[in-house]
Amino acid sequence: MSKPIFELVDELPTGGTTVTALNSLDFVIPGQWQNLTGFTNTIRAVTGETDDAMIQAIGDRAVYLYNDESQGYQRAMWLYQTVDNAAGALGAAAMANKIGQDISFLGFLGNLTPKPEKVQSLDLTIKLVVELVAFCQINGIPGDSIGDFLGALGDYSGESLMRMAALVCFDGIIPLGPDFINMGLSTISQTSPDELQKNQTFKSVSPLIPGGNPAGQLGFITQSFDSVKGWMSDFVGSRHLTQESLLSNVKKYVDISADKLDYVGAFLDVAVKYYTHTGTQTLARRLVERAVAEI
C-alpha cells in the first residue's frame, strides 16, 4: 500500500491538465461528472451527512475497509495508477525524434512522437481490461467476471462513466479515428503472446490480468474487448462523436494547436492521468457507500 485513501482523495487536484481535459468531455456526458475532491468533502457529498461525529465514523470505517488487504480496493487503486504511469512512460519515451518540427503546443514536454498505431490499439484493449478487473476487485467478485461488468456498464454514472468516456475519446477516437473498435479487435487478434509480453502497458499490469499465462491473458483481453464493443459503438453513435468534435472541445480547455490529431493523442497519453483521478474518486465513493451501510 502506498498512501492511505484519505490522503489520496485529499491530494486530488482541483485544476490542471487532467481536470481540464476531463471537463472538455462534459458535452459527451453532460452534467455527469463533478470534480469531487477532499475526503471529508466526499463523505458529505455522497451521504448528505452533516454531523461531524458521524462523518468521522464513516471516514474511519472507509479507511479500515481500504486497508483490509483481503478486499480488492488497494489492488484496484494499483491498477488505476499503474496503467496511467505506463502510458505516461511510453509517451515520455517517445519524446525526441522530431527535433526541429513545429509542435510548439508541446513545448513544455519537449518533442513527442505518437505511438505506432498497433501499440496504441493494443494499449486501448489493455486499458479496457484494467477497467473490468478493477471493477471486479472493488465489488469483490472474480476478476474474470465479464458478464457482471457488462451488466454494470449500462448503469455506469459519475466518475466511472467519465473514465469510460475518456477511454473511448482519448485512447480510441482521437488517436485512432472512428474505426478504433475494429482496429482494436484486429490488432489483438493479430498479436502473439510473445508480442503481448513486450507491450509496456501489459507488462505493468499483467500480475492482475486473468488468464494464467500470456496466451490465456491474450484470450481474456480479446474476449473482454469483443464483449464491450457493442457498448462502445452505441456510446459513440448515440452521441455522434467524431475526431473533429472532440478536438474542438478539447481545444477550448487545453492549450493545444496541433495540425495532426495523432500528436494530440500523444499529448493526452503523457499529460492526462484520468484513470488515477477518476479511479480514486470511484474508490472513495464506493468505500463511503459501503461504510455507511455497515455502520
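Residues in the sequence shown are numbered consecutively from 415, following the numbering used here. The beta carbon of each residue, even a glycine, is placed where N, CA and C say it ideally should be.
Can you grab the Cα-Cα spacing for the pair residue i / residue j, in whole Å?
i	j	result
L564	D640	11 angstroms
K512	D474	A caution first: K512 carries a pLDDT of 35, below 50, which makes its placement in the model too unreliable to give a value.
Y478	Y667	38 angstroms
V686	D482	30 angstroms
I709	I472	7 angstroms
T496	V423	17 angstroms
G626	E463	44 angstroms
L581	Q614	18 angstroms
S659	Q485	41 angstroms
F616	L610	7 angstroms
L599	A467	51 angstroms
T434	E573	14 angstroms
N449	T428	7 angstroms
S603	K612	16 angstroms
V706	N437	29 angstroms
H654	I469	42 angstroms
T694	P607	31 angstroms
T601	G644	18 angstroms
D498	V547	15 angstroms
A500	V684	9 angstroms
E703	T454	13 angstroms
F549	A476	18 angstroms
Under 8 angstroms by Cβ, that's how I've got residue i and residue j pegged, so tell me the actual separation to the nearest angstrom.
i	j	result
K532	A680	That pair is no contact at about 15 angstroms.
M576	Q446	6 angstroms
V442	A579	5 angstroms
L493	V619	6 angstroms
I552	D562	That pair is no contact at about 12 angstroms.
Take residue i as the anchor and find which of the options has the nearest alpha-carbon.
i	options	result
I587	T451, S535, Q446 and V423	S535
C583	I560, E425 and G651	G651
H691	T451, Q446, Q604 and D558	T451
Y487	L701, F649, A500 and S438	L701
T456	S484, A548, V433 and L426	L426
P589	V706, T428 and L538	L538
S416	S638, Y480, S438 and V442	Y480
Y570	F594, D585, P592 and E545	E545
S662	I540, D593, D440 and V642	D440
T605	L436, T636 and D585	T636
Q657	V706, A500, F594 and S574	F594
D558	I552, P624 and L436	P624
T431	A698, V678 and R699	V678
G633	I560, C550 and P418	I560
L697	L622, N596 and R489	R489
P592	A459, A566, F649 and C550	F649
A566	V684, D683, N596 and V642	V642
M491	R704, E703 and L622	L622
Y688	G568, D585, K665 and R704	D585
Can you tell me whether residue i is helix, strand or coil according to DSSP?
i	result
A435	helix
L493	helix
F441	coil
E531	helix
E393	An answer regarding residue 393 cannot be provided, because it is not within the stretch 415 to 709 covered by the chain.
Q637	helix
F424	For the sequence presented, residue 424 should be read as Asp rather than Phe. Three-state result, D424: helix.
S618	helix
E545	helix
D537	helix
P556	coil
N455	helix
L472	Correcting the residue type first, residue 472 is Ile in the shown sequence and not Leu. I472 falls in the helix class under three-state DSSP.
I623	coil
D498	helix
G521	Low confidence applies here, because G521 scores a pLDDT of 49, under 50, leaving its location unreliable and the question unanswered by this model.
Check your understanding: What runs of the alpha helix (DSSP H), each 4 residues or longer, lie entirely inside the region 558-616?
Key -> Runs found: 560-567, 572-580, 594-603 and 607-612.
**Study point:** Completely contained alpha helix (DSSP H) runs for the region 639-707, where each covers 4 or more residues
**Key:** As far as the region 639-707 is concerned, its whole alpha helix (DSSP H) runs of at least 4 residues are 657-667 and 675-685.
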